[in-house]
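Numbering (the working numbering), first residue to last: 1 to 127.
Written out as structure tokens, the structure reads:
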């Protein structure tokens, strides 16, 4: 009986350890994790997220490319269902999904609510 209880205890401890390590999910973003300048990989896009929660997107197809007017809006982090996503309030639906390294992200843009979003890789770096 002691052997059965010992095996049962070890199994439960192993399950608890797995849930604590694997089930924790990715860490939530903080404003400092995303503030700064993000540049499009292989393109002219530039996303600036400022400390005052304002944002500016330039050099993308949605604003006419490198010479088009910048899109200006606001941003926020901490979406409960998507802890690694930054919501951007522009005239279009925009989201920035940041990987766990914090230095790379995917920007998704849907110009109209019925559009399939376009996805572009961005890298955080010096402005």
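Glycine is no exception: its CB is placed at the ideal position from the N, C-alpha and C atoms. Keep in mind the model is a prediction, meaning the values are calculated, not measured.
Given a cut-off of 8 Å, decide if residue 108 and residue 94 are closer than it, judged by their beta-carbon atoms.
Working through the chain shown from its first residue, we reach residue 94 at position 94. Working through the chain shown from its first residue, we reach residue 108 at position 108. Yes, these two residues count as a Cβ contact at 8 Å.
Please classify residue 7: is it buried, with 16 or more other beta-carbons within 10 angstroms of its beta-carbon, or exposed?
In the chain shown, counting from the first residue as 1, residue 7 sits at position 7. Confidence is the limiting factor: at residue 7 the pLDDT is only 45, short of 50, which leaves the residue's position unreliable and the question unanswerable from this model.
Given this structure, state the Cα-to-Cα distance separating residue 110 from residue 100, to the nearest angstrom.
Here the question's residue 110 lines up with position 110 in the chain shown. Here the question's residue 100 lines up with position 100 in the chain shown. Answer to the nearest angstrom: the Cα atoms are 24 Å apart.
Need the endpoints of the alpha helix (DSSP H) that residue 33 sits in, please.
The sequence position of residue 33 within the chain shown is 33, counting from 1. Its alpha helix (DSSP H) spans residues 31-34.
Can you look up residue 67 in the DSSP assignment and give me helix, strand or coil?
As a position in the chain shown, residue 67 is number 67, starting the count at 1. Correct three-state label for residue 67: helix.
Go ahead and label residue 85 buried or exposed: buried means 16 or more other beta carbons lie within 10 angstroms of its beta carbon, across all protein chains shown.
Within the chain shown, the letter at position 85 stands for residue 85. The residue is buried, with at least 16 neighbouring Cβ atoms inside 10 Å.
Between the alpha carbons of residue 118 and residue 98, how many angstroms are there, rounded?
Working through the chain shown from its first residue, we reach residue 118 at position 118. Working through the chain shown from its first residue, we reach residue 98 at position 98. The straight-line gap from Cα to Cα measures roughly 16 Å.
Alpha carbon to alpha carbon, how far is residue 63 from residue 47?
Your numbering for residue 63 matches position 63 in the chain shown. Your numbering for residue 47 matches position 47 in the chain shown. Using only the alpha carbons, I get a separation of about 12 Å.
Taking 7 Å as the limit between beta carbons, can you name the residues of its chain near residue 79, skipping five residues before and five after?
Your numbering for residue 79 matches position 79 in the chain shown. Within the same chain, residue 79 has close Cβ partners 85 and 87.
When DSSP labels each residue in this structure, what does residue 62 get in the three-state scheme?
Here residue 62 is taken as the residue at index 62 of the chain shown, counted from 1. Helix, per DSSP.
What's the gap between the Cα of residue 54 and the Cα of residue 40?
One-based indexing of the chain shown puts residue 54 at position 54. One-based indexing of the chain shown puts residue 40 at position 40. Going by the C-alpha atoms only, they are around 19 Å apart.
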